[in-house]
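J.: One structure, as structure tokens, below. Some questions next.
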Amino acid sequence: MYKYIIRRILIFIPMLFALTIIVFALLKAAPGDPFSQILDPDIEAGVLDEQRAAAGFNDPIHVQYINWLTSAVKGDFGDSFRYKGREVTEVIMDRIPNTVYLGLFSLLITIIVAIPIGIYSARHPYSLFDYAATGFGFFGLAVPNFFFGLVIIYLFAIQLGWFPSQGSISSTSLTGMELFTDRIHHLILPGLTLGLASTASYMRYMRSEVLNVLSSDYIRTARAKGMSERNILYKHTLRNAMIPIITLFGFEIGSLLAGAIITEGVFNYPGLGTLFLSSIGNRDYPVIMAIAFLLGLFILVGNLIADILYSIVDPRIRYD
Amino acid sequence: MENNYIPVADPGTSQIAPEEKSRTPFQLALGRFLKNKMAVASVFILFIIVSAVMAAPLLTDQDPTKSNLLLVEQSPSAEHPLGTDSSGRDNFARLLYGGRISLIVGFSAMVFTLAIGVVLGAIAGYYGKLVDAFIMRFADMILILPFLVLVLVIVAILNKVTIGIFVTIIALTSWPGLTRIVRGTFLSLREQEFVLGAKAIGATDLRIIFKHFIPNAIGPIVVNATLMMASYIIVESALSFIGFGIPQPTPTWGNMISEAQSIRILQNNPEAWIPPGLAILVTVLCINFIGDGLRDALDPKSLER
Amino acid sequence: MKKRKSWLSLLAIVFLLGMLAACSDGNKETTNDPDDGNNDPVTSEPKSGGTVVGAMDTAPTGQFNPIFYQEAYEANILGLTHDSLLSQNDELEFEPHLAKEWKFSEDFSSVTFTLRDDVKWHDGQPFTANDVVFTYKTIADPEYVAAGGVRSSYVSKLVGAEEYTSGETDEFPGVVADDDYTVTFHFKEPNVMALADASFTIIPEHIFKDIPVADMPSAAASLQPNEVIGTGPFKFTEMVEGERYVLTKNPDYFLGEPYLDSVEWRVVNQDLILQLLESGEIDFVADPNGFQAADYDTVANMEHVKIIEQNDFGYQLLGFIQNYRTPEDIEAGVLEPENWVPNERLKDPKVRQAIAYAINRQALIGTKAGEGLLHGRGQIINAPIATQFPAYDGENPNQYEFSQEQANALLDEAGYKDVTGDGLREDPEGNEWVLKLAYPLGNKLREDSAPIIVEMLAEVGVSVDLQQPLEMAAYVPELTNTQDWDLYLLGWTLGSGDPDPSGLWGSKDAYNFGRWYNPEADQLLVDAVTPPDAFDPEFRNQVYSDWQVMFQEDLPALILYAQNKLYAYNERMQGVVPAVTGFINDPQLWWVQD
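The structure is reproduced here in structure tokens:
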């Protein structure tokens, strides 16, 4: 097992390496650079070219990449072009906590909602509740999340005024419990939006997995032996039904971050997603590189965790 | 074995009721599908939607790309049953013609992804070992590549983003999921006796793949294909929302909703955004129900549901 | 103090989100209650206390050093915290601010300012002439540009700036402190724009003097609340990065203690600004984007909200690419009009004029709600000079009143006729004639206008191939080096300091994207700033008028529209009197009535 994990982690290195090369090459292939959208007749001719030269843009591309790489391995991702005077790591670190809160919160919503409903639906298939849940599940997968976000802002933030529609906290002067509840208050709408699709899909997975297991021979045997339904559910069914669900969680990390780009945009939530999108528009190379690297790392680690968890829940699976 | 955890139909354990034995597998599946009321209703509704967008010129004589600056953001009228957009174009015509684009994008991206995903998955799953490792690492690579950077670069390099290019971008970035599924199925089939038997009597690789593997993997492939198509319709709308979609004046359901992002339109002109929103919702719902029906129909185990 | 911060609108980060606008009839204030009158009779005396909340649709990047920041969002904050020597009034004349008075030398090559002696920095240190010298010296520093600064045009006309910037000397004779409260600017030659050049925002010497220029942008004094020190009516005291920026009053402000306790900026999604305005969560929305023209009626119907509609210093244009640079020139990075290759498809001025006649600009703007892209909230202008300047000539340049007959006649005359019978014209040789129209992303109205322009031109038989819209960062280099585009869309925000259009429209200007080359026009732009004649305003205006006539004749671009600036604020806010240059004007006089 440890060997397996170490081997997997070793594979990360060339993959991340390749990722940075590809992203770097793509960025350089795209027309424009961090200075090209600065259009200001007040800026004297040559000033921007001087800044390009100072940024090393005139060097051959492989030299630029190697320069980036040598500082990156030392943990220095350089300075942002748009956030002038600020280091990329600092700009990103400002945003990471927010995105992590949002991601965790939406995962929490997903787990709290999807798993119990999925199980209940599976145990009472074709009941009214099951139909309602299935209907919701289909709806959740079919509605574009920016659209859902705008609608719930309209309903819950503007019409009813229950939740703030913008931002991540309302004041810097809050501390302790107040700060915590304020954050949660701000997380509810974006969390629901981000979590909608995954809640729907987990619910459906959960229902079908539990159904699958419930209809399998060994459960029938257990029933025939007179085992209680409660025992059947907890001892056999859930354990087996959780397997595919858990693996999904690992993959979810990647799609959460992708979804966060749009959700954060709708709610003006200052996280990595909005930073990524605006950095692309501004060609803020150092920031894009760092976020792309980070995303890649998250996804790889997520997949690895999924695989490890998988082997823990399902003892039949052995990695060597 | 890593990454081999996608649940797939296991053909070895199919339980076919005796009285159905005289019918072909296709007939059996069709029979099961027809029993699923939601799926059948969905086929019917989807048929209506597809017919409506195909017959768009018969249903409206408005030009979906023709602006009218004297009638901007108008409420519904006899001439414009769904009002007009911010350039005075007829929303009803845009809904119909936009459906063409959205459905074509969804469908062709699905076909394209299917082609890449199945071929690579089949190769990886059938040959295993080095080929497999290579393809799967490549798939992992694509999975960690930021989709937006790719879209950005391709859009920025080209002077025109046609539907074909848009579809290609989607397909080139989303095949790995399907490849994993096909590969998983193939890997499990590889060790089955009937395959070893076929190999023993000298069947070619191609013959084994097409005669034995694909038919056995068809269930998950078809089901995933429908789900992909549904999600691509949403992807199109999401890309429009963040400004990377198919540009105006070409209508798509996605850019129709994005046009109506502002709360003013959300509030004052529901006829502008509810129809395309509902159109996406209903179409995606129908496709998902059909996918569900197909899953049940193609996977005999799920009969007992 | 009136109408300050001319330099704020010098920011031409134009297009990012730029809703560019201008209108020719000055300040119009609209209220929902007609009895309220124009100037909102104040029912009670101003009282102290309270907070107002302003909305911005994009977060500032966080660089709060006036000599390094570049975006209009920071300007919203710096406009409250910092000052410059002079401000501008509604006629765009310069008025005393940090400087009490000034005197030109006889030959107009230097100007001496007497500074107020009662101004203190936020940390209590006195403001002196040394701060002025330090500010300009820093901009001229050899390290300044490499550190990311772009304001070097403010020093380039000063004596000795070149030598100082190149590192030849440590002396900087361009700006000299004669004593603590007297400072003299020495220009290389008589300078028509001396006052505009001297109006840059001043930074504190005692804070920055020990920080190398290269490290200034990353210094706490450039980034952090409470560390950013200015002389303005409000201090920058609290920040939630990307969300909230709180400014607390400076009780020692030299124009009097502000009534408000604090001003808070909140970053709010553009789509939600109106709702928050209606619910009272935000009190005002102003620069740089205001609210959208299409929302005018909605805002006008909010009982407690007032609208201010006024000119903006900018316009949107349809550019004609008359010449292409050669690939060799692009490679070498030179702009040499002699080498340019004419664009055969557009080189006939009649064709450009025909296109100008074929575009119904009034229809793009509309005349009322529900019409046009601007719902009537914009103006047609016929020259690339802001209408607020006396130099703008609204009469003599060709007005290009919409006329398809004129357009058809001109095209027929030029030999562009439809010989294939497909409704689209061919060129005089009978070959296919298709114009490529390119446009950037980033301004919804401009994006919407592109396909409409294609339709308008099709009606007179001009075939246009609409290109993929590009992000601004990609668009600008493509536009700079294009070898096959014919038409382009772009917008400019102009500075309020001086009407001089050079920089955009001189033939050797990089931003002359259409590569318009007319030596006569170039000469007029030079004449307009050449002393001694240029010190005569009438002479100057006449030269600009001649230039504008020439511009409309040659048509390097058709100015499509100037969009009105639309500000809205909650009527609990009192004392709001926006300047022509922007909403923030005498904020120390703002107060709230609850």
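Chains as they are written, first to last, in this note's numbering: chain A, 1 to 320; chain B, 1 to 305; chain C, 1 to 594. Every residue, glycine too, gets a C-beta built ideally from N, C-alpha and C.
(1) Anything in chain B within Cβ reach of A:V143, meaning under 7 Å, just list it in chain order.
(2) From C:G491 to C:W121, what distance separates their C-alpha atoms?
(3) Which residue comes first and which comes last in the alpha helix (DSSP H) that contains A:D196?
(4) Between C:Q593 and chain B, is any beta-carbon pair separated by less than 9 Å?
(5) Output the distance between the C-alpha atoms of A:G195 and C:I321, rounded to the nearest integer angstrom.
(6) Just curious, the alpha helix (DSSP H) that C:P96 is in, first and last residue?
(7) Would C:T298 count as contacting chain B if we go by Cβ distances under 9 Å?
(8) Check the Cβ of B:F289 against every Cβ in chain A and list those closer than 8 Å, keeping chain order.
(9) Give me the residue from A:R239, A:P286, A:L297 and A:P190 with the minimum Cα distance to A:I219.
(10) Would the segment 257-264 of chain A count as touching the segment 186-201 of chain A if we require 3 or more Cβ pairs under 8 Å?
(11) Please list, in chain order, all residues of the same chain as C:V268 whose beta carbon is under 8 Å from its beta carbon, the five residues on each side excluded.
(12) In this structure, does DSSP put B:M256 in helix, strand or coil?
(13) List the residues of chain C whose Cβ lies closer than 8 Å to the Cβ of A:D182, in chain order.
(14) Spatial neighbours of C:V460 within its chain, please: CB distance less than 6 Å, with the 5 preceding and 5 following residues excluded, ordered by chain position.
(15) In or out: A:H62 buried (at least 16 other Cβ within 10 Å) or exposed?
(16) Going by Cα to Cα distance, which pick from B:I201, B:A230 and B:T179 is closest to B:A217?
(17) Helix, strand or coil for C:S463, going by three-state DSSP, please let me know.
(18) Apart from the five residues on each side of it in sequence, which residues of its chain come closer than 6 Å, Cβ to Cβ, to C:C23?
(19) For a contact defined as C-beta to C-beta under 7 Å, what are the partners of A:I262 on chain B?
(20) So, helix, strand or coil for B:D61, using DSSP?
(21) Check whether the Cβ of A:V151 sits closer than 8 Å to any heavy atom of the ligand HEM, and report yes or no.
(22) Which chain A residues sit within Cβ distance under 7 Å of B:L145?
(23) Can you name, in chain order, every residue of its own chain whose Cβ lies under 8 Å from the Cβ of A:I158, other than the five neighbours on each side?
(24) Do you know how far the Cα of A:E44 is from the Cα of C:A194?
(25) At 4 residues or longer, and completely inside the segment 308-349 of chain C: list those alpha helix (DSSP H) runs for me, N to C.
(26) Determine, using beta-carbon pairs with one atom in the segment 456-470 of chain C and one in the segment 432-440 of chain C, whether at least three such pairs fall under 8 Å.
(27) Report back the beta-carbon spacing between A:A142 and B:N288 to the nearest angstrom; my notes put them in contact at under 8 Å.
(28) Look at the Cβ atom of C:P349, then the Cβ atom of C:L555, and state whether they are nearer than 9 Å.
(29) Can you check whether the CB of C:F291 is closer than 9 Å to the CB of C:Y567?
(30) Could you check which residue in C:Y154, C:W591, C:Q588 and C:V580 has the C-alpha nearest to that of C:E309?
(31) Could you name the residues that DSSP lists as bridge partners for C:N570?
(32) Can you give the Cα-Cα distance for C:S48 and A:G265, rounded to whole angstroms?
(33) Alpha carbon to alpha carbon, what distance is there between B:V105 and B:L150?
(34) Please report the distance separating the alpha-carbon of B:S102 from that of A:T89.
(35) Can the beta-carbon of A:F147 be found less than 9 Å from the beta-carbon of B:S237?
(36) How would you write the range of the beta strand (DSSP E) that B:G80 sits in, first residue to last?
T.: Working from what's here:
(1) Neighbours of A:V143 on chain B, chain order: L281.
(2) Those two C-alpha atoms are separated by around 37 Å.
(3) Checking the sequence, you will find Leu at residue 196 of chain A rather than Asp. Here the alpha helix (DSSP H) through A:L196 covers G176 to L214.
(4) Put simply, the CB of C:Q593 is far from chain B, with every gap to its CB atoms at 9 Å or more.
(5) The alpha-carbon of A:G195 is positioned some 49 Å away from that of C:I321.
(6) Per DSSP, C:P96 belongs to no alpha helix (DSSP H); it is in the beta strand (DSSP E), F94 to P96.
(7) C:T298 counts as touching chain B.
(8) Near B:F289 (Cβ distances below 8 Å), the residues of chain A are F138.
(9) If you compare the alpha carbons of A:R239, A:P286, A:L297 and A:P190 with that of A:I219, the shortest gap goes to A:R239.
(10) These segments touch.
(11) So the list reads A55, M56, D57, L276 and I282, once near-sequence residues are dropped.
(12) B:M256 sits in a helix when the DSSP states are folded into three classes.
(13) Per Cβ cutoff of 8 Å: no residues; A:D182 is ~11 Å from chain C at best.
(14) Result list for C:V460: A358, Q404, A407 and N408, in chain order.
(15) Residue environment: A:H62 is assigned as exposed (fewer than 16 neighbouring CB atoms within 10 Å of its CB, all protein chains considered).
(16) Distance check between B:A217 and each of B:I201, B:A230 and B:T179 places B:T179 closest, using alpha-carbon atoms only.
(17) Reduced to three states, the DSSP call for C:S463 is strand.
(18) Because C:C23 carries a pLDDT of 33, less than 50, the predicted location of this residue cannot be relied on, and the following value inherits that uncertainty. Within the same chain, C:C23 has close Cβ partners N311, Q379 and N564.
(19) One finds A238, F241 and I242 in chain B with Cβ atoms closer than 7 Å to the Cβ of A:I262, taken in chain order.
(20) Residue state, collapsed to three classes: coil.
(21) Because no ligand of any kind appears in the structure shown, any question about the ligand HEM cannot be addressed here.
(22) Close to B:L145, with beta-carbon spacing below 7 Å, are these residues of chain A in chain order: L19 and I22.
(23) Hits under 8 Å: S165.
(24) Just so you know, the alpha carbons of C:A194 and A:E44 end up roughly 17 Å apart.
(25) Fully enclosed alpha helix (DSSP H) runs of 4 or longer: 327-332.
(26) Judged by Cβ distances under 8 Å, the segment 456-470 of chain C makes contact with the segment 432-440 of chain C, as three or more pairs qualify.
(27) Confirmed, Cβ separation roughly 6 Å.
(28) Their beta carbons are under 9 Å apart, which means C:P349 touches C:L555 by this criterion.
(29) Closer than 9 Å, so yes.
(30) Comparing Cα-Cα distances from C:E309 to each of C:Y154, C:W591, C:Q588 and C:V580, the minimum goes to C:V580.
(31) Paired residue(s): C:V305.
(32) Answer to the nearest angstrom: the Cα atoms are 37 Å apart.
(33) Between B:L150 and B:V105, the alpha-carbon positions lie close to 18 Å from each other.
(34) Pairing B:S102 with A:T89, the inter-Cα distance amounts to about 40 Å.
(35) The answer is yes: Cβ separation under 9 Å.
(36) The sequence given here places His at residue 80 of chain B; Gly does not occur at that position. Unbroken run through B:H80: none, as it is neither H nor E.
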